[in-house]
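Numbering follows my numbering, with no gaps: position 6 of the sequence shown is 23. No residue lacks a Cβ here, since even glycine has one placed at the ideal position from N, Cα and C. Data block below; observations after.
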Amino acid sequence: MPYREQPMSFSAGPARYPAPDWDAGGTVARVWVPDDETVGWLILQEDRLAWLSAAGPETLGYPIREMVEELLRDYCATGVAAADAWEAILQRTLHTTPQDVPLSALLAEVPRA
Numbered sequence: 018m019p020y021r022e023q024p025m026s027f028s029a030g031p032a033r034y035p036a037p038d039w040d041a042g043g044t045v046a047r048v049w050v051p052d053d054e055t056v057g058w059l060i061l062q063e064d065r066l067a068w069l070s071a072a073g074p075e076t077l078g079y080p081i082r083e084m085v086e087e088l089l090r091d092y093c094a095t096g097v098a099a100a101d102a103w104e105a106i107l108q109r110t111l112h113t114t115p116q117d118v119p120l121s122a123l124l125a126e127v128p129r130a
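Here it is, written out as structure tokens:
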């Protein structure tokens, strides 16, 4: 399909937390379910919050993935601070001990998982 000028630019969408600076470090917790299946990684970097999911619809962790994504949408839409949303989500999920890591190293790990 050939390129065409768009009649308007994207101006509205659902509220979301700012994305982290992927070249810097952040605090990461791996969310998992029994049988050691990774559901995803929750990333906090100052006032930035991100979720990288690894669970597809056919996996045991998919309902947890949906729950985390719904909580993120709800917390952001109601103005909950990123750090408070982080704490609330971790209280409701099984997760590894949060660690400060370079996010570039995490991005290299995600495709292997």
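- For TRP58, the three-state secondary structure derived from DSSP is strand.
- DSSP places LEU120 in the helix class (H, G or I) of the three-state scheme.
- If you ignore the 5 residues before and after GLU86, its C-beta comes within less than 8 Å of the C-beta of TRP68, SER70, all in its own chain and listed in chain order.
- Judged by their CB atoms, THR55 and PRO115 are not nearer to each other than the 8 Å cut-off.
- In chain order, ALA102, ALA105, ILE106, ARG109 place their CB closer than 8 Å to the CB of LEU88, counting only its own chain and leaving out the 5 sequence neighbours on each side.
- Judged by DSSP in its simplified three-state form, VAL50 adopts strand.
- ASP38 and PRO51 have their C-alpha atoms some 31 Å from each other.
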